[in-house]
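**Q**
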Ligand code: NA
Ligand code: NA
Ligand code: NA
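Chains as they are written, first to last, in the numbering used here: chain A, 985 to 1361; chain B, 985 to 1361; chain C, 985 to 1361; chain D, 13 to 92; chain E, 13 to 92; chain F, 13 to 92.
#1: Looking at chain B, is there any beta carbon in it that lies within less than 8 Å of the beta carbon of residue 1037 of chain A?
#2: Assuming the contact rule is C-beta atoms closer than 8 Å, residue 1207 of chain B and residue 997 of chain A should be a hit. Round their C-beta distance to whole Å, please.
#3: Over what stretch of residues does the alpha helix (DSSP H) that includes residue 1261 of chain A continue unbroken?
#4: Can the beta-carbon of residue 1217 of chain A be found less than 8 Å from the beta-carbon of residue 1196 of chain A?
#5: Let me know if residue 1326 of chain C comes out buried or exposed under the rule of 16 or more other beta-carbons within 10 Å of its beta-carbon.
#6: Would residue 1310 of chain A and residue 1275 of chain A be called neighbours here (beta carbons separated by less than 8 Å)?
#7: If you run the structure through DSSP and keep just helix, strand and coil, what is residue 1111 of chain C?
#8: Indicate the three-state DSSP secondary structure (helix, strand or coil) for residue 1095 of chain B in the structure shown.
#9: Taking only beta-carbon positions, decide if residue 1265 of chain B is within less than 8 Å of chain F.
#10: Determine the closest residue to residue 1212 of chain B out of B/1259, B/1139 and B/1235, with distance taken between C-alpha atoms.
#11: What would DSSP say about residue 1118 of chain A, mapped onto helix, strand or coil?
#12: What separation, rounded to the nearest whole angstrom, lies between the Cα atoms of residue 31 of chain F and residue 1347 of chain C?
#13: Since residue 1008 of chain B contacts residue 1067 of chain C with CB under 8 Å, what's their CB separation in whole angstroms?
#14: Which residues, taken in chain order from the stretch 1055-1080 of chain B, show a beta carbon closer than 7 Å to some beta carbon of chain A?
#15: Using the beta-carbon of each residue, which ones in chain B are nearer than 9 Å to residue 53 of chain D?
#16: Given residue 1131 of chain C, which residues of its chain have a CB within under 6 Å of its CB, disregarding the five upstream and five downstream residues?
#17: With a threshold of 8 Å, are at least 3 pairs of Cβ atoms found where one atom belongs to the stretch 1076-1093 of chain C and the other to the stretch 1139-1153 of chain C?
#18: Label residue 1166 of chain C either buried or exposed according to how many other C-beta atoms from any shown protein chain fall within 10 Å of its C-beta, with 16 as the threshold for buried.
#19: Ignore the nearest five residues each way along the sequence and tell me which others in residue 1021 of chain B's own chain have a CB closer than 8 Å to its CB.
#20: Could you round the C-beta distance between residue 97 of chain E and residue 1200 of chain A to whole angstroms and report it? I think they count as a contact, below 8 Å.
#21: For residue 59 of chain F, is the classification buried or exposed, using 16 other Cβ atoms within 10 angstroms of its Cβ as the cut-off for buried?
#22: Which of helix, strand or coil does DSSP assign to residue 1187 of chain B?
#23: Going by other Cβ atoms of all chains shown within 10 Å of its Cβ, with 16 needed for buried, is residue 1296 of chain A buried or exposed?
#24: When the Cα of residue 1278 of chain B is compared with those of B/1106, B/1323 and B/1111, which residue comes out closest?
#25: Counting contacts by CB-CB distance shorter than 8 Å, is residue 16 of chain D in contact with chain A?
#26: Runs of 4 residues minimum, wholly inside the stretch 1299-1330 of chain B: which ones carry the alpha helix (DSSP H) assignment?
#27: Would residue 1046 of chain C pass as an interface residue toward chain A - the criterion being a Cβ-Cβ separation below 8 Å?
#28: What's the call for residue 1072 of chain C, buried or exposed, on a 16-neighbour Cβ count within 10 Å?
#29: Output needed in chain order: residues of the stretch 1216-1249 of chain A with a Cβ under 7 Å from some Cβ in chain B.
#30: Can you name the start and end residues of the alpha helix (DSSP H) that residue 1238 of chain C belongs to?
#31: Considering only their Cβ atoms, is the gap separating residue 1234 of chain C from residue 1244 of chain B smaller than 8 Å?
#32: Taking contact to mean 3 or more Cβ pairs, one atom from each stretch, closer than 8 Å, check whether the stretch 1251-1262 of chain B and the stretch 1088-1104 of chain B are in contact.
#33: At what residue ranges does the stretch 1199-1234 of chain B contain a whole run of the alpha helix (DSSP H), taking only runs of 4 or more?
#34: On the three-state DSSP scale, how would you describe residue 1175 of chain C?
#35: Can you give me the start and stop residues for the alpha helix (DSSP H) that residue 1080 of chain A sits inside?
#36: Can you name the residues of chain B whose CB is closer than 9 Å to the CB of residue 1128 of chain C?
So this is what it looks like as structure tokens:
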């Protein structure tokens, strides 16, 4: 009969805690959002399923001896997974639009107001009961405003691993919600005439420029902000593999094998941080609210910078493309295009919005570097 | 001259032990079986060559500082390799036949008699001289009856790593021998009329059902048998990637890159356990005999359960598909189909046999969970 | 204001050392050679960019907690990366030419004079001021003469990791320079008549021979020189996957996914050894000079052995194919073909040169085994 | 533990083990039947990609997300 | 550190942080413009693969390599 | 160890090393010739995939496996 006892004690229902049930439901919700609402499914399916797996009682899949716990230890604590994904992003990204019109970098800079504004918001929340964010935690939350998954995971794993789950979920969820969050803000801040501005066609970019670009960005980063060098370094390395033209095998490996495999592992590992202890806290609500705020502020700052550039250039820049400065590649650029088309069905802004869009990736990495340098130990 | 001495002492022939020669021959035999007899070549080629490499004297390739020894440590001791293969199996498996006719799960349940019957057999062998299996060892041997490689490797690496080599070799060898082992048993236990039963066509399965299936299986497993959750969890995760439809990149990575790379590494690492000390023991003969017995018992139990279901449904179930309950996907289903065709050349049982076939995978994982919960420390 | 100080101290320009600037320039030079001069771009792009990344001040990307430092630790210190690349080389190499005419192995043997001659050269350099190579360092430098990247990295990581950067750079640079280094030597050592020798067509090689070949090579290596067994073992394993015909999935994984991903990681990790401390030393100049010497000696020895075989066979062997014995697959074989075509535009030596070319790979691995056995601890 | 107690234990394991395997899979049979019935009611005509393929993000999704997670947190922190 | 000093610090971080982001990206704008001008001068007609596609290893490359690296080593070892 | 003894040792290494390389590869030449002769006798007509492609599992394979491994175990445990 002792066996029966042992068996009963080994069962899930005998060990299930209330929080685990709720977190398994949260995991299912994330998969539901991914499958039915198409919220960034490549990330949210593994994250949601990882949450489901890691909240199974007794099994300890997310624990130190469990498979996903070991993957977290090897890939996220070390920072290797987000950096490898950034390499893949670099190999998948065409920076031509940015090289052809470098001034769009300023739109990518403005959108980082979303990060620093949210930082103040997170610190201000401390006046409410139930919130007690340290500077490191506030910085990790703020990076959601970068609208860039790997950057957010990289920073949070360094500054506030206990919030990683909520931050990753918020970052990817709001990136998926960009088509809903951004348009009202864009319409509210621009006039009909501004939205109808037709931009002139971009010049073609030579191969030599595209090859020199990664070196220019990396060396500037090395000189000024080495704390951003891991992120910027892997991004530019991936981009060099893409543009080199003589290392096709490596470029394909970075764009496919590596990024796909790492995405599965990263997602599962992030899911392991969705435990009741860490996720079912008042702080999580704060993170979700602040995340929405971050996207709104970033969008608004980008659009306002777009208006300034529109004015400064005598109406050559459509302010809508400023909203693409939050990154969320390529969603935010598509949104700018769509809102533009509403005003003038022949005005395709997509290519013009790609400049600020990829500038936003660089801008967020730079902002992450600032936070690491000033807030990190 | 000292160099010549050093050189001689570094040579293989000066250090070769009798057992290493034999094990290198066993490695070559496994590759021979794989190449010429087509015994599960994807596994037995790396296992055999791994045995060859790891029995080279002096080199220590399978030792703690050798490449294959390090792969074993990182991938098998941790259980990560068999779990990743299980993810790939999930991504490669279509569970529609099982969803359309859930009752075939009972055939997959019956076939697990092969496991538990073999457990008794292994313990009974202890009455013979030269055998002294502990409960953990007997359980690891019994899992050969599950006819499922990754499950066997996962369980053996946890309960009896010293027997892992022999168990993996037996499991894959007998899986390859399924077309020889099963038909006589199937014919002996069924009447001509039973073998000729034509089953009605299965209903189509909706996409929603296929997406819900992994969750249903995983949650039941989490509630009742969390010790099986790593195996069932990765199987259902792989299957969700397959059925989700929105994560094609990840599904392909699980079905190709990950499973192929891990198969190479897993095979080499299993080969490193084919050392003379551990393999050239009387126990190995016992394992080989018990393994054959396990397959026979599993097949017989599946067929008998098939007869019971045939009787219970008034002759709507062909008992031959019960033999597919041992797993050995998709070999056992093909055997059921072939034996059925012998009786009636127009009676294609393949799709009907896929239900019990994949049910056998789940059944074996459940049985492995029971053994882990009750026999594991 | 304290923040401003902290920020300034975190900047690259405040911490940049002279040597780091130079090494970043060396990294850029390597990428330049790879992209513009097409020097082995698959390796030199990652090595050069890795050097750039690892010399960024403050960031510590190549340090023990940095991404590339961790990759170095996991993949190069353990020897796993070069061995996996060797597996891929085996899976990509067709040994038919060698099997059809085994005597070409002697050309591959002769070319290893490049290794041992360089060993003497390295030791002799110690008479100059600024040089103080140990036997282990001299051996690592000598292996450049093997003209085989993974072998050189494997040996250097074992015997002299502090020289790994310079050795890898020299090995790959000179492999790229084979079309410039070899022809003058080949022309100087052969007569017009010798260069015009037309060789008879090779017999076809049966599948059975191609399958037995890896076993023959590996078992001979196991008996005589187990210190070479890791290299020879992975080479023959990859080749068996290729020739087996029944493990296509694994063969493709070895030829593509594994070798591509590992090449990226290996390149970055080797680049991390290009630090000012270790690279900007007089020794590096010695290594570069000795590397050139090594290729010249290997080429000369191969050609002379070719002349001997030409004489011994009564003029059936074209001595030019001896130069292909240095490995540098397939570059050296193409060079032999090209120099032959200069003399007789209808005399295609390519297939004949593939025999000594792949023999050179085996020969270098054997020589590496000798050095490991006699010089390694 | 001597051989015969091991034998007894292994018989016992077989009984329990096959019991659990059958119990688990029988339960699964029932739940899968239920699941299919529910699934067919939810998506009866089965134009398979329809409910999933067209991007139908209603404007309330963002609030939905927060509402659902808030409810979960509230229940967790004040279980009674 | 109490809440208001944190708040002050975060305001300060915003000023510095946005300053660096703008400074960095403004500098990058300038350098990218310079880069494009230089690149277009170096490869004006832009027959894109031309300068890279044809294998043009001059016979002096080997010496070039050693010359360049020698110079670097020399500068490093005798910086003044 | 001073420089000249190192030099002597390296000369010695060259003699031994080249000896082994030549010895190894000469042996390999011989064995490969033997292998080819044996292979051509075993599969003379060389319809390459024939002996391997058609699945020819004789019914005695299972016993073969056990027989061969049994023999190996027997030899190992009672070497004389
Ligand atoms: Na951004
Ligand atoms: Na099974
Ligand atoms: Na060589």
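Quick reminder that beta carbons are idealized off the backbone N, C-alpha and C, glycines included. Quantities reported herein were computed from a predicted structural model and do not represent experimental measurements.
**A** Let me spell this out:
#1: yes
#2: Between the beta-carbon of residue 1207 of chain B and that of residue 997 of chain A there is about 5 Å, and that keeps the pair under the 8 Å contact cut.
#3: 1260-1263
#4: no
#5: exposed
#6: no
#7: Correct three-state label for residue 1111 of chain C: coil.
#8: coil
#9: yes
#10: B/1139
#11: coil
#12: 12 Å
#13: The Cβ separation is near 20 Å, so there is no contact.
#14: 1062, 1063, 1064 and 1067
#15: The premise fails here: residue 53 of chain D is roughly 10 Å from chain B at the closest Cβ pair, so nothing lies under 9 Å.
#16: 1159, 1310, 1311 and 1312
#17: no
#18: buried
#19: 1160
#20: No answer is possible for residue 97 of chain E: the residues shown for chain E start at 13 and end at 92.
#21: In this predicted model, residue 59 of chain F has a pLDDT of only 47, less than 50, meaning its place in the structure is not dependable; the value taken from the coordinates is given anyway. With fewer than 16 other Cβ atoms within 10 Å, it is exposed.
#22: coil
#23: Its Cβ having fewer than 16 others within 10 Å, residue 1296 of chain A is exposed.
#24: Selected option, being the one with the closest Cα: B/1106.
#25: no
#26: Counting whole runs of 4 or more residues, the stretch 1299-1330 of chain B contains the alpha helix (DSSP H) stretches 1315-1327.
#27: Residue-level contact check: residue 1046 of chain C does not touch chain A, since none of the beta carbons of chain A fall below 8 Å from its beta carbon.
#28: buried
#29: 1241, 1244, 1245, 1247 and 1248
#30: Taken as a continuous stretch (DSSP letters only), residue 1238 of chain C belongs to no alpha helix (DSSP H), as it is neither H nor E.
#31: yes
#32: Counting C-beta pairs with one atom in each stretch, the stretch 1251-1262 of chain B and the stretch 1088-1104 of chain B have fewer than three that are closer than 8 Å, which means they do not touch.
#33: 1213-1228
#34: coil
#35: 1080-1084
#36: For a Cβ distance threshold of 9 Å, nothing in chain B lies close to residue 1128 of chain C: the least Cβ distance comes to about 23 Å.
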